[in-house]
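In this note's numbering, the protein residues as written are 16 to 320. No residue lacks a Cβ here, since even glycine has one placed at the ideal position from N, Cα and C. None of the values given here were measured: they were computed from a predicted structure. The next block holds one structure in the form of structure tokens; read it before the comments.
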């Protein structure tokens with residue numbers, strides 16, 4: 016398996032933000048919190064490397080936009096969210112090799128129930144910062160197509176970065192059973208959407224191809240790769256893409272905050288490319304991505320650069 020996501024003992028004594036700093040062992044939300052009652056929350060994953068936070072503004076913007084789309088009340092300001100992130104990282108002296116999961120729930124309810132009118136206590140902001148390496152290794156990943164279809168906008172808009180991940184988790188279970196790294200998910204009409212955890216791209220004859228952002232999250236890394244492709248003079252096709260087009264692509268790779276660009280070596284037993292190595296175009300995009308994301312990262316004041 017290519018994933019490296021095991022617990023790190025350095026995280027055991029860290030501080031966590033739950034509407035304020037608390038020791039990890041005491042970091043809890045109420046049984047009446049909306050995230051417990053109905054998975055009613057939004058979230059982001061923020062990567063910290065060498066004293067810099069990557070795509071901080073974009074992640075906070077998406078967090079707040081998702082909360083607004085779900086009609087949260089008492090949403091914290093951008094400044095308050097950023098302050099919570101910075102204070103958590105500083106309290107733990109974290110500067111490198113860190114993933115911060117930021118969760119905003121609708122908050123605690125007055126009694127058990129689905130109705131958002133029971134949420135009268137304001138939202139709950141959680142910042143869980145952990146030492147954690149990049150999710151995928153460099154050996155390439157193997158995908159298996161899931162029987163679970165990705166939610167369509169008629170069910171739940173994928174542009175809302177919500178914390179109710181059962182759709183993705185069921186697909187991930189299928190990947191685990193099949194011994195694959197992740198699951199490739201199709202939309203309700205049978206076109207490729209994304210994996211259970213990342214966006215996905217194919218390269219054919221130097222053309223960059225990716226599914227429309229209808230049944231997939233329009234990811235931040237996805238958007239950056241599309242922009243970098245243009246700088247590399249790669250024609251871009253954002254459209255419906257069939258599974259067969261991915262089987263027969265010259266190169267396939269996934270994109271995500273904690274995976275970066277991870278090349279795919281196999282889908283449903285079909286080899287992608289000539290061998291298991293990263294393809295030429297994927298390498299070019301990977302190099303451009305690493306340079307671009309570093310140059311636009313936010314320096315952390317408590318870290319000595």
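Check residue i in the structure and name its three-state DSSP category.
i	result
residue 305	helix
residue 244	helix
residue 186	helix
residue 101	helix
residue 297	helix
residue 261	helix
residue 52	helix
residue 229	coil
residue 310	helix
residue 30	strand
residue 322	The structure shown has nothing for residue 322, since the chain only spans 16 to 320.
residue 22	coil
residue 106	helix
residue 95	helix
Determine whether the beta carbon atoms of residue i and residue j lie at a separation below 9 angstroms.
i	j	result
residue 231	residue 209	yes
residue 82	residue 46	no
residue 126	residue 49	no
residue 63	residue 109	yes
residue 271	residue 212	yes
residue 243	residue 304	yes
residue 52	residue 239	no
residue 60	residue 273	yes
residue 197	residue 84	no
residue 297	residue 218	yes
residue 316	residue 87	no
residue 129	residue 160	no
residue 151	residue 76	no
residue 112	residue 279	no
residue 302	residue 275	no
residue 90	residue 104	no
residue 185	residue 281	no
Could you pull the start and end residues of the beta strand (DSSP E) that residue i belongs to?
i	result
residue 213	That residue, residue 213, is in no beta strand (DSSP E); it is neither H nor E in DSSP.
residue 199	197-201
residue 253	251-254
residue 76	First-last for residue 76: 71-84, but that is the alpha helix (DSSP H), not the beta strand (DSSP E).
residue 36	36-38
residue 3	No answer is possible for residue 3: it lies beyond the span of the chain, which begins at 16 and ends at 320.
The alpha helix (DSSP H) spanning residue i covers which residue range?
i	result
residue 271	No alpha helix (DSSP H) contains residue 271, which is instead part of the beta strand (DSSP E) from 266-271.
residue 277	That residue, residue 277, is in no alpha helix (DSSP H); its beta strand (DSSP E) goes 275-282.
Going by DSSP, what residues sit across from residue i in a beta bridge?
i	result
residue 193	Bridge partners of residue 193: none, in fact.
residue 207	201
residue 234	In DSSP, residue 234 forms no bridge with anything.
residue 60	116
residue 223	218, 251
residue 285	282
residue 13	This structure does not reach residue 13, given that the chain is present from 16 up to 320, and the question cannot be answered.
#### Entry: Length-filtered (3 minimum) beta strand (DSSP E) runs lying within the stretch 116-168
139-146, 156-160
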